[in-house]
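Asks: Just so we're aligned, residue 34 is where the sequence shown starts under the numbering used here, counting upward by one.
C-beta: ideal position from N, C-alpha, C; glycine also.
Next up is a structure, given as structure tokens.
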Amino acid sequence: MSKATGSSTHYSRLQLLIILLTPLIVMASATGLYYSGWLVPDSRVNRGVLLDPVLQLSDLGLDLETVNPERQWLMVQTSFDCRQSCLERVHTQRQIHVSLGKDEPRMKRLLLTSTTGLSGLESEYPGLDVQQHPAQNYSSALLERVPADFGARDFVFIVDPLGNVPLYFTPGNDYKDQLADMETLLDLSTIG
Numbered sequence: 034m035s036k037a038t039g040s041s042t043h044y045s046r047l048q049l050l051i052i053l054l055t056p057l058i059v060m061a062s063a064t065g066l067y068y069s070g071w072l073v074p075d076s077r078v079n080r081g082v083l084l085d086p087v088l089q090l091s092d093l094g095l096d097l098e099t100v101n102p103e104r105q106w107l108m109v110q111t112s113f114d115c116r117q118s119c120l121e122r123v124h125t126q127r128q129i130h131v132s133l134g135k136d137e138p139r140m141k142r143l144l145l146t147s148t149t150g151l152s153g154l155e156s157e158y159p160g161l162d163v164q165q166h167p168a169q170n171y172s173s174a175l176l177e178r179v180p181a182d183f184g185a186r187d188f189v190f191i192v193d194p195l196g197n198v199p200l201y202f203t204p205g206n207d208y209k210d211q212l213a214d215m216e217t218l219l220d221l222s223t224i225g
């Protein structure tokens, strides 16, 4: 009888050891794979440019409470000199905003420019906020991480409700690219 009990106790201890070690082995394996870069997929689903680590809204020279007190997602278009290509990009941003459908209220649009006399844009494009923004307001962290001509080429930065800038789009990203990324981002997001 004691031999059967000893065997049963040994088996129970082995089961307990396996149960306790399994999460540790999984965590150690996952950590090893993450830091080694082994088995990391080569392809990504994003079409815009991901910023890793993310920038902050303050890197764009903006204050979260002033620009976005409602804590919505922001599409921030930077255009030092807002001429024809800038106005076309503003129109495209409006179309993307409307195309978001049920997620449209979660998004807000902002145009940062040095060009004066654009106050009519806010009435022409409802939901657009135009701010005079000199180029020197951008942080060195931003200037180191994005192409130097970002303001001349009408880049669009995406800002989450917490003030993080995880992603931006260049003029090379068309309407469909940006819309697909925005839909994915808003579907996966639990904030804003």
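Between which two residues does the alpha helix (DSSP H) carrying K135 extend?
Replies: Sequence index remark: in the sequence shown, residue 135 carries index 102 (1-based). K135 -> no alpha helix (DSSP H), and no H or E assigned at all.
Asks: Decide yes or no for the touch test of the stretch 45 to 52 against the stretch 172 to 184: beta carbon pairs closer than 8 Å, at least 3 of them.
Replies: Touching, no.
Asks: Distance check for L218 and Q62, CA to CA, integer angstroms please.
Replies: Taking the first residue of the sequence shown as position 1, residue 62 is located at position 29. Taking the first residue of the sequence shown as position 1, residue 218 is located at position 185. First, the residue type needs correcting, since residue 62 is Ser and not Gln in the sequence shown. Distance between the alpha carbons of S62 and L218 is about 29 Å.
Asks: Taking the Cβ atom as the reference point for each residue, do V87 and P199 lie within a distance shorter than 8 Å?
Replies: Position 54 of the sequence shown, counted from the start, is the residue given in the question as residue 87. Position 166 of the sequence shown, counted from the start, is the residue given in the question as residue 199. In this structure, P199 lies closer than 8 Å to V87 by Cβ.
Asks: Using the C-alpha atoms, what's the distance from V100 back to T146?
Replies: Counting from one through the sequence shown, the residue named residue 146 turns up at place 113. Counting from one through the sequence shown, the residue named residue 100 turns up at place 67. If you take the alpha carbons of T146 and V100, they lie about 15 Å apart.
Asks: Can you confirm whether the stretch 79 to 96 touches the stretch 150 to 160 when touching is taken to mean that 3 or more C-beta pairs between the two stretches lie within less than 8 Å?
Replies: Segments in contact, no.
Asks: According to DSSP, is D56 part of a helix, a strand, or is it coil?
Replies: Taking the first residue of the sequence shown as 1, we reach residue 56 at position 23. Here residue 56 is Pro; the residue named in the question, Asp, does not match the sequence. Helix, per DSSP.
Asks: Check the DSSP bridge columns for R142 and list the partner residues they point to.
Replies: What you label residue 142 is simply residue 109 of the sequence shown in a count that begins at 1. The partner list for R142 (beta bridge, DSSP) reads M108, L161.
Asks: Excluding the 5 residues preceding and the 5 following L83 in the sequence, name in chain order all residues of the same chain whose CB lies nearer than 7 Å to its CB.
Replies: Taking the first residue of the sequence shown as position 1, residue 83 is located at position 50. Counting only Cβ-Cβ distances below 7 Å, and skipping sequence neighbours, we find P199, L200.
Asks: Within a Cβ cutoff of 7 Å, which residues of the same chain sit near G225, ignoring the five residues on either side of it in sequence?
Replies: Taking the first residue of the sequence shown as position 1, residue 225 is located at position 192. Cβ within range, chain order: R104, Q105, W106, R139, D193, P194.
Asks: Can you tell me whether H124 is buried or exposed? The criterion is at least 16 other CB atoms within 10 Å of its CB, across all chains shown.
Replies: For the purposes of this step, residue 124 is taken as the residue at position 91 of the sequence shown. Exposed, by the Cβ-count rule.
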